[in-house]
Amino acid sequence: MSISAKNNDYKQLYESAIDKVEQLQHELNQLKKMIFGVRQERFIPTDKNQLALDIPTEQSAAVCNGLDAKKVTYVKVVKQDATQARDSRHTIPPYLRREDVIIEPNHIPEGSKHIGAAETEVLEYKPAEIYVVRYIRNKYLLPSADETSSKIIIGTLPTLPVAKSMMG
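First residue of the sequence shown? That's 8 in the working numbering, and the numbers climb one at a time after it.
Set out below in structure tokens:
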């Protein structure tokens with residue numbers, strides 16, 4: 008084979024490779040445009056042959072005013088928040104016997120004011136009997152020198168076998 012024939016073969020291979028690269032580059036650009044390109048709604052002009060409804064607004068308002076209007080009111084019943092319903096315990100039935108245990112804070116300073124009590128009801132079990140022990144923990148407001156800050160103390164609840172439960 009002559010040198011010119013080899014050059015023609017290489018030249019033809021080179022040109023086909025360049026065409027292939029251009030084709031792949033164009034395809035890549037089209038795919039990028041499809042994926043990352045800006046998408047807009049196309050404006051479709053109204054058809055000139057379509058007839059428009061020429062209804063004046065005054066006429067439509069008059070038609071609306073001619074209707075018999077009724078005023079409807081609703082009463083909305085507000086239920087408990089889901090968090091309140093979830094956080095609260097079921098009440099213990101009132102027919103069970105109850106024992107009250109009053110718990111006072113350990114060190115109550117002189118002049119403290121009783122402001123309330125926190126009640127915790129716990130189910131207790133003796134063989135053949137279920138009853139309720141109600142722990143009443145008194146709250147006291149401690150006297151302070153300045154009236155801006157105050158501290159409240161409360162008796163500590165005895166430890167229960169299962170935390171945050173009604174079992175005792």
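Ideal placement from N, C-alpha and C gives every residue a C-beta, glycine not left out.
ask   = Is the stretch 136-146 in contact with the stretch 104-118, if contact means three or more CB pairs nearer than 8 Å?
value = yes
task = Buried or exposed for Tyr-132, please, with buried defined as at least 16 other CB atoms from any protein chain shown within 10 angstroms of its CB.
result = exposed
ask   = So what does DSSP say about His-121, is it helix, strand or coil?
value = strand
message = Distance check for Glu-29 and Arg-46, CA to CA, integer angstroms please.
response = 26 Å
message = Going by the DSSP bridge assignment, what does Tyr-137 pair with across the sheet?
response = Per the sequence presented here, residue 137 reads as Ile, with Tyr not at that position. Ile-137 is bridged to Tyr-132.
task = Identify, in the order they occur along the chain, each residue of the same chain with its Cβ nearer than 6 Å to the Cβ of Ile-109, setting aside the five sequence neighbours on each side.
result = Ile-143
query = With 16 other CB atoms within 10 Å as the buried threshold, where does Val-82 fall?
reply = exposed
ask   = Within this structure, are the beta carbons of Lys-120 and Leu-164 separated by less than 8 Å?
value = no
inquiry  = I'd like to check one pair, Ile-99 with Met-173: are the Cβ atoms closer than 8 Å?
reply    = yes
task = Look at Ala-1 and Lys-146 and say whether their C-beta atoms are less than 8 Å apart.
result = Residue 1 lies beyond the range of the chain shown here (8 to 175); nothing can be said about it.
task = Tell me whether Met-41 sits in a helix, a strand or coil according to DSSP, three-state version.
result = helix
key: CA-to-CA distance, Lys-78 to Gly-162, given in whole angstroms   = 57 Å
ask   = CB-CB under 8 Å to Ser-177, same chain, minus the five flanking residues each way: which ones, in chain order?
value = The structure shown does not extend to residue 177, since the chain spans only 8 to 175, so no value can be given for it.
inquiry  = On the DSSP letters alone, give me the boundaries of the beta strand (DSSP E) that Val-108 sits inside.
reply    = 105-110
key: Residue interval of the beta strand (DSSP E) (run including Lys-177)   = Residue numbering for the chain in the displayed model covers 8 to 175; residue 177 lies beyond these limits and cannot be assessed.
query = Going by the CB atoms, is the gap between Ile-159 and Ile-122 shorter than 8 Å?
reply = yes
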